[in-house]
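Structure first, then comments.
Laid out in structure tokens, this is it:
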């Protein structure tokens, strides 16, 4: 189902829409065996719990405004299918859609030199430490200095202005002069980092006033797991795919003549079962006619990308009789990624958020009393979500007892919607053919899942929320990977950003200017710092951040996740 929540004029209504039949793999009725367990996970869990207690770290905390949060990583093993090491760079402003040059985490471009030296020394010392003593070893690590912490936090920060100035011509915000700024930052824990962020215009590169009335700006957050390859692929292709989807929706809806529409739908370019035109046609046939074009384009774009990641590589493999580069072809299929995309429609004063996974979009609303209110623009899609579990149970009758264990899909994956992750989507016979080959090549997640009876269990069809913006009160949107939300809930994040807004932007909007002491210039950096310093148990106080960041990748993954944040400001001029 495609679940769309619409907010307009204070009214909220949710539509449940039956999705179109997908050309993805059919369900299997044959019961599959279960892979053997690994005792090493028991020791890893015990060690992790001990140190987490010392640091006051809050995993899987219940969030007041939404479902409880699961970790995004399938397991703590570092997935290394190839020798290539990467990190994500923020996409250039407005017209760029390709990540910048990547680098190994040991490069000075990623961490300050003094931190790199400490990390390398720690890893050398660790070689002499027995596995059962490693928790104590990490607990006794000296804290980083203030300058070293600052160096890590500032290394990947950036700020862009996708739209400098635009006057809204119609609707409830008519006459409002608007500018859009986005602050971005990432702090890695995996090696390489598995989170990716991007943004791009969806109606051409021009942002002058004449073009802005039709301008849509896309912001994407992709939290990879089981490696970076899936998230990297989505980041490189999301903008172009959504532009194709927007064009396909316009073409499908462009003619009121039934015969002409039928001719367009059956044109030669629609021959492929995985083409964007075919996907749009199938989805549109199962959705109400008044569904917005942006919503339909997002649903089609997510579907198209997942076909390219999971299904089309199989077609290519068969076509070439297996004579292919398995790593290049299936690397992105074995790995996975959540997907969170927010499209700000400037002329329509609307934001539409599509979510497949457990990253979050949160709207910061400044009330008439000056207080800040968090409005969720996404809902976590995981088995802990009652609606998601009900959907899974309906699609897999008789498997209610095995669909979820410890809040994870089939006891393993922390989300119920995601890109990639072919181990939850491919039929059993395909897995039996390809997984042994891929596993031998270092793709360690190319293994059959437990209780694997009737695939597919996982979908990339998004949950979609539409919200009509009121620029007088709707001031910013936080997009964050679940690494941030291990430390803060929705309201806490908005309160932190609200204080930052009051101090840095309040005076320009006629509001009382706040105290800027202790605040970062970059809003995303400020939010990350506050998250790491948040110490609910009072064990470490402000030293908590220097303790957490003292643990080098990839060992830090057991104690903190990758954190990626975009803060989108809807600035009245």
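Numbering (my numbering), first residue to last: 586 to 1158. Glycine is no exception: its CB is placed at the ideal position from the N, C-alpha and C atoms. Since this is a predicted model, take the numbers as computed values, not measurements.
Residue 807 beta carbon less than 8 Å from that of residue 922: yes
Which of helix, strand or coil does DSSP assign to residue 1011? coil
If we ignore side chains and look at the alpha-carbon of each, how far apart do residue 904 and residue 897 end up? 10 Å
For residue 767 and residue 917, the rounded distance between their alpha carbons: 28 Å
Distance, Cα to Cα, residue 560 vs residue 967? Because the chain in this structure spans residues 586 to 1158, residue 560 falls outside the shown range and cannot be described.
DSSP puts residue 781 in a beta bridge; with which residues? 807
With a 10 Å radius around its C-beta and 16 neighbouring C-beta atoms as the bar for buried, classify residue 1142 as buried or exposed. buried
N-terminal and C-terminal residue of the alpha helix (DSSP H) that residue 981 is part of: That residue, residue 981, is in no alpha helix (DSSP H); it is neither H nor E in DSSP.
Look up residue 1027 in the DSSP assignment and say whether it is helix, strand or coil. coil
Cβ pair count under 8 Å reaching 3, the stretch 1077–1084 against the stretch 704–716: no
What did DSSP end up calling residue 969 once you bin it into helix, strand or coil? coil
Return the CA-CA distance between residue 1002 and residue 873, expressed in angstroms with no decimal places. 23 Å
Apply the 10 Å Cβ neighbour rule to residue 1128 and answer buried if 16 or more other Cβ atoms are within range, or exposed otherwise. exposed
Any idea which residues DSSP pairs residue 957 with across the strands? 951
Output the distance between the C-alpha atoms of residue 627 and residue 753, rounded to the nearest integer angstrom. Low confidence applies here, because residue 627 scores a pLDDT of 37, under 50, leaving its location unreliable; read the following figure in that light. Cα to Cα, the separation comes out at about 57 Å.
Is residue 759 buried or exposed, if buried means 16 or more other CB atoms sit within 10 Å of its CB? exposed
Among 805, 1007, 809, which one has its Cα closest to the Cα of residue 826? 805
The alpha helix (DSSP H) spanning residue 723 covers which residue range? 719–724
Check whether the Cβ atoms of residue 803 and residue 928 sit closer than 8 Å, and answer yes or no. yes
In angstroms, rounded to a whole number, what distance separates the CA positions of residue 750 and residue 756? 18 Å
Exposed or buried, residue 698, counting other C-beta atoms within 10 Å across all chains shown (16 or more means buried)? exposed
Taking the C-alpha atoms as reference points, what is the distance between residue 995 and residue 1041? 12 Å
Rounded to the nearest angstrom, what separates residue 701 and residue 770 at their Cα positions? 19 Å
Kindly list the residues whose CB is nearer than 7 Å to the CB of residue 1136, restricted to its own chain and excluding five residues on each side of it in sequence; keep chain order. 723, 726, 1144
Grouping DSSP H, G and I as helix and E and B as strand, with all else coil, what is residue 1150? strand
For the beta strand (DSSP E) holding residue 1053, just list the boundary residues, first then last. 1048–1053
Residue 1112 to residue 987 span [Cα, whole Å]: 38 Å
Start and end of the beta strand (DSSP E) containing residue 752? 743–752
Considering just the uninterrupted stretch of the beta strand (DSSP E) at residue 1065, what are its terminal residues? 1059–1065
In chain order, what residues of the same chain lie with their CB nearer than 8 Å to the CB of residue 736, ignoring the 5 residues before and after it? 696, 697, 699, 700
Tell me which residue opens and which closes the beta strand (DSSP E) that residue 939 is part of. 935–941
Looking at C-alpha atoms only, which residue of 971, 1052, 941, 1004 is the closest neighbour of residue 989? 971
Pull the bridge partners of residue 925 from the DSSP assignment, please. 806, 940
Quick one: grab the DSSP three-state call for residue 1136. coil
Among 879, 909, 914, nearest to residue 893 - alpha-carbon criterion: 914
Keeping to the same chain, check which residues put their C-beta closer than 6 Å to that of residue 1148; ignore five residues upstream and five downstream. 772, 1068, 1069, 1113
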